[in-house]
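Participant: Going by numbering that gives the first Met the number 0, 351 is the number at position 352 of the sequence shown; the sequence numbering is gapless. Ideal Cβ positions, reconstructed from N, Cα and C, are used throughout, including at glycine. Note that the structure is a prediction, hence the values are computed from the model and not measured.
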Amino acid sequence: MPAVSVKSLCDFLDASPTQFHAADALAAALQARGAAVLDERSEWTLEPGKTYYVVRNGSGIVAFRVGGDSPARRGFALAGAHTDAPALRVRPEKSLRHRAGDRVAVEVYGGPILSSWLDRPLALAGRAAVRGPGGRPELRLVNPAGPVAVIPNLAIHLNRDVNKGCEYNAQNHLPALAAAPLPDRRGGEGGEPWALGVVARDLGVAVRDILGAELFLVDASRAVILGRDGELINSGRIDNLAGCHAILAAFNAAPPGAHGQVAVFFDNEEIGSGTRQGADGLFLRDVLARICARTGCDDEGFFRALAASFCVSVDAAQGWHPNYQDKYDEEYSPVLNGGPAVKANANFKYATDADSEARFRAYCEDAAVPCQKFAVRADMTPGSTIGPLSSALSGIRTVDVGSPLLAMHSIRETAGSYDHDFMTAALRRFYETGPGV
0 MPAVSVKSLC
10 DFLDASPTQF
20 HAADALAAAL
30 QARGAAVLDE
40 RSEWTLEPGK
50 TYYVVRNGSG
60 IVAFRVGGDS
70 PARRGFALAG
80 AHTDAPALRV
90 RPEKSLRHRA
100 GDRVAVEVYG
110 GPILSSWLDR
120 PLALAGRAAV
130 RGPGGRPELR
140 LVNPAGPVAV
150 IPNLAIHLNR
160 DVNKGCEYNA
170 QNHLPALAAA
180 PLPDRRGGEG
190 GEPWALGVVA
200 RDLGVAVRDI
210 LGAELFLVDA
220 SRAVILGRDG
230 ELINSGRIDN
240 LAGCHAILAA
250 FNAAPPGAHG
260 QVAVFFDNEE
270 IGSGTRQGAD
280 GLFLRDVLAR
290 ICARTGCDDE
300 GFFRALAASF
310 CVSVDAAQGW
320 HPNYQDKYDE
330 EYSPVLNGGP
340 AVKANANFKY
350 ATDADSEARF
360 RAYCEDAAVP
370 CQKFAVRADM
380 TPGSTIGPLS
390 SALSGIRTVD
400 VGSPLLAMHS
410 IRETAGSYDH
420 DFMTAALRRF
430 YETGPGV
């Protein structure tokens, strides 16, 4: 078992079935450490050494600690991750009624391994806008206890080639069979939509008072620590909630410094980041501009602050899978529990360059943390992450790193327990040292 328990990470994974729950858990952890929440619509008053955070759309967060010196001179030490994960989003107003049972219509969010969602208990989670006092909508988190649905596979007798590869059609094959008691069992078109009925019971409101909902079908099982010596973590959403957890732990543990310290948790990375709470929006730049404005920087000082800053973009890396060795370049394939991996790509799918890689390796060396390198085979194209988008919008030097992960985008992923401690230690050293090495 790692020196620092990973139980806290497992608790965070279990408490965060969606990006809305993840942001809520992150905000609660920040508040527990004395951070003050700021409203984007209000004027800010900031004090050196104090910690603040801003929430946008209930799913993106920027937390920061004001430095003792001007940002124009010292810059910001930033680390970023994303709160969302691939999932099946529910179309809550639509129930597919049939004599064989009621089904829940879904659409695919991001790039999940669809087969991993089948034949397992699924939970319903997300948020709903309900009618509040005076008719004003109130946003409330939704997470009824226990599994409520399942997506059954077709029996092998009716699909003899299933083990040779099976393509799932989202419209035809992924509607989930409701596993909870239905609000209306009369069949036909009558009765309320199933998902809204479940939400109404969970929140204690009438279906007619649910004005909107963003709901997902997610894994109903809890995170587990396994392996001979507890060296593995198996859970949903390790990509990228492990990154969020490591950043927050490092941010909370680091003492205030002369430089500013920032932890940013974007949403919607899995669908391209092109939202106001995503990395391809102005959320981070807006917050940094306001910090500079409230700490005595003029416009010139803001641009100096960006140039003096450094960002560590944290997202999972593809770990070496011994059963599929032909899919890897062995020289650039990180192993589980071998430490964080610097991710690089010739076409800048990752923001890493020689300078930013050297800086991160220095932080790892100072923290006595092993560091690996990740690159895909030359005949493959990797995915991307928040690093290139955020760096291009802000101009901040950035390195992309990640802990090795197996079965990325499966409903259950597997990571190394020691890697989480390694990443946290490297990030803490970064926050302590600042953007310069």
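Please give the ranges of any beta strand (DSSP E) in the region 364-426, keeping only runs that are unbroken, at least 3 residues long and fully inside the region.
Facilitator: DSSP runs (the beta strand (DSSP E)) wholly in the region 364-426: 371-373, 396-401, 403-405 and 412-415.
Participant: If you reduce the DSSP assignment to three classes, tell me which class I270 lands in.
Facilitator: Helix, per DSSP.
Participant: Less than 6 Å between C-beta atoms, sequence neighbours within five positions excluded: which residues of the same chain meet that for S332?
Facilitator: For S332, where only same-chain residues beyond five positions count, the Cβ hits under 6 Å are W319.
Participant: Which complete beta strand (DSSP E) runs does the region 47-119 hold, if anything under 3 residues is left out?
Facilitator: Fully enclosed beta strand (DSSP E) runs of 3 or longer: 50-55, 59-64, 75-81, 86-95 and 102-108.
Participant: With which residues is I224 paired in a DSSP beta bridge?
Facilitator: For I224, which the question treats as bridged, DSSP gives the partners I232.
Participant: Would the region 274-290 count as touching the region 349-360 if we require 3 or more Cβ pairs under 8 Å?
Facilitator: Contact fails: fewer than three Cβ-Cβ distances are below 8 Å.
Participant: Quick one: is D23 buried, meaning 16 or more other Cβ sit within 10 Å of its Cβ, or exposed?
Facilitator: By the neighbour-count rule (16 or more Cβ atoms within 10 Å), D23 is buried.
Participant: With L281 as the anchor, note down where its alpha helix (DSSP H) starts and where it stops.
Facilitator: Here L281 belongs to no alpha helix (DSSP H), and DSSP marks it neither H nor E.
Participant: Taking 7 Å as the cut-off, decide whether the C-beta atoms of G67 and A304 are in contact.
Facilitator: In this structure, A304 does not lie closer than 7 Å to G67 by Cβ.
Participant: Cβ atoms of A34 and T44: under 7 Å apart, would you say?
Facilitator: Cβ distance not < 7 Å, so T44 and A34 don't count as in contact.
Participant: On a CA-only basis, which of A177, V204 and G203 is nearest W193? Give me that one, please.
Facilitator: Nearest of A177, V204 and G203 to W193, Cα basis: A177.
Participant: With respect to the alpha helix (DSSP H) encompassing R303, which residues constitute its N-terminal and C-terminal limits?
Facilitator: D298 to A306 is the extent of the alpha helix (DSSP H) around R303.
Participant: When the Cβ atoms of the region 407-422 are set against those of the region 296-312, are three or more pairs found closer than 8 Å?
Facilitator: Flag = no, the region 407-422 and the region 296-312 do not touch.
Participant: Report, in whole angstroms, the separation of the C-beta atoms of A128 and T17, which I expect to be a contact under 8 Å.
Facilitator: The pair is not a contact, with the Cβ atoms about 15 Å apart (cut-off 8 Å).
Participant: Excluding sequence positions up to five away, which residues of its chain have a Cβ less than 8 Å from the Cβ of E431?
Facilitator: Cβ neighbours of E431 beyond the five flanking positions: A253, P254 and G256.
Participant: Does Y323 pass the burial test, meaning 16 or more other C-beta atoms within 10 Å, or should it be called exposed?
Facilitator: Y323 comes out exposed.
Participant: Could you tell me the distance, in whole angstroms, from the CA atom of V313 to the CA atom of L157?
Facilitator: Taking the straight line from one Cα to the other gives about 44 Å.
Participant: From what residue to what residue does the alpha helix (DSSP H) around G242 run?
Facilitator: Note, G242: alpha helix (DSSP H), I237 to A252.
Participant: Quick check on DSSP: helix, strand or coil for F429?
Facilitator: Three-state result, F429: helix.
Participant: Take L426 and list the residues in its own chain whose beta-carbon comes closer than 7 Å to its own, dropping the five residues that flank it on each side.
Facilitator: Here the set comprises A78, A245, I246, A249 and V311.
Participant: Nearest-angstrom Cα distance between A26 and R130?
Facilitator: Computed Cα separation, rounded: 24 Å.
Participant: Would you kindly check if the distance between the Cβ of L12 and the Cβ of L240 is under 7 Å?
Facilitator: Going by C-beta atoms, L240 is nearer than 7 Å to L12.
Participant: Starting from S312, trace the beta strand (DSSP E) both ways and give me its first and last residue.
Facilitator: Segment F309 to V313, the beta strand (DSSP E) holding S312.
Participant: Can you tell which of N336, Q317 and S115 has its C-alpha closest to the C-alpha of D328?
Facilitator: Cα-wise, what sits closest to D328 is Q317.
Participant: Where D418 and C165 are concerned, what is the direct C-alpha to C-alpha distance, given to the nearest angstrom?
Facilitator: If I take the Cα positions, the gap works out to 34 Å.
Participant: For P180, which three-state DSSP category applies?
Facilitator: Residue placement at P180 cannot be trusted, given a pLDDT of 45 that sits under 50; what the coordinates show is reported in the next sentence. Three-state result, P180: coil.
Participant: Count the other C-beta atoms from every protein chain shown that fall within 10 angstroms of the C-beta of N267, then say buried if there are 16 or more, exposed otherwise.
Facilitator: Label assigned to N267: buried.
Participant: Between the Cα of V65 and the Cα atoms of S58, E46 and L140, which residue gives the shortest distance?
Facilitator: Nearest C-alpha to V65: E46.
Participant: Could you pull out every residue in the same chain whose Cβ sits closer than 6 Å to the Cβ of N251, ignoring the five residues on either side in sequence?
Facilitator: Closer than 6 Å at the Cβ level, and outside the excluded window around N251, lie R32.
Participant: Grab the span of the beta strand (DSSP E) containing L37 for me, first residue to last.
Facilitator: Unbroken beta strand (DSSP E) run through L37: A35 to L37.
Participant: Starting from D13, trace the beta strand (DSSP E) in both directions and tell me its first and last residue.
Facilitator: No beta strand (DSSP E) contains D13, which is instead part of the alpha helix (DSSP H) from K6 to A14.
Participant: Quick one, which of N344, A367 and A315 has its alpha-carbon nearest V334's?
Facilitator: For the residues N344, A367 and A315, the minimum Cα distance to V334 belongs to A315.
Participant: Whose C-beta lies closer than 8 Å to the C-beta of S7 among residues of the same chain, with five residues either side of it excluded?
Facilitator: H244 and A248.
Participant: Using a threshold of 7 Å, state whether the C-beta atoms of F446 and G338 are closer than that.
Facilitator: Residue 446 lies beyond the residue range present for the chain, which begins at 0 and ends at 436; the question has no answer from this structure.
Participant: Taking L109 and A86 to be in contact with their CB atoms under 8 Å, please state how far apart those CB atoms are, rounded to whole angstroms.
Facilitator: Going by the sequence as given, residue 109 is Gly instead of Leu. Indeed they touch by this definition, with Cβ atoms about 7 Å apart.
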